[in-house]
Structures are given as structure tokens and as C-alpha cells.
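Convert by adding 2 to the 1-based position in the sequence shown; the result is the number in our numbering.
Here a beta-carbon is modelled for each residue, glycine too, at the ideal position from N, C-alpha and C.
Accompanying notes for the structure given below.
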Amino acid sequence: MIDPTSFGTAVLVLGVLAAMTIAFGLAALSDMALRRREDRAANGSTGD
């Protein structure tokens with residue numbers, strides 16, 4: 003049998019790691035979007 007305490011700890015650790023991965027992924031995406039917006043503003047480009 004699986005020890006319930008260790009199983010709960012493993013699930014908690016996986017949840018925290020998944021949340022951190024999602025948070026860093028969203029931060030990277032928003033950073034890229036912000037840099038693109040700044041680049042467009044600096045170049046005076048209005049888009050396609």
C-alpha cells in the first residue's frame with residue numbers, strides 16, 4: 003500500500019511545481035508581448 007502521508011506530500015509538491023511552471027510560463031509570455039509592444043512603439047510601426 004501507498005503511505006497516504008507521502009502520497010499527499012507528493013501530490014502537493016507536484017501541484018506546487020505545476021503552479022510555478024505555469025506562473026513562469028505566463029510571465030515569459032507577457033514579457034515577450036510587452037517587449038513587442040515597446041518595440042512597435044519605438045519603431046513607430048502601426049502594424050501590418
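Discussion item. The alpha helix (DSSP H) that contains glycine 46, what's its start and end?
Written reply: Taking the first residue of the sequence shown as 1, we reach residue 46 at position 44. It is not in any alpha helix (DSSP H) - glycine 46 carries neither H nor E in the DSSP assignment.
Discussion item. Only counting the same chain, and skipping five residues up and downstream in sequence, which positions put a Cβ closer than 6 Å to that of alanine 44?
Written reply: For this step, residue 44 is matched to residue 42 along the sequence shown. Excluding residues within five positions, none has a Cβ falling inside 6 Å.
Worksheet item: In the structure shown, what three-state DSSP assignment does aspartate 54 receive?
Response: Absent from the structure is residue 54, since the part of the chain shown begins at 3 and ends at 50.
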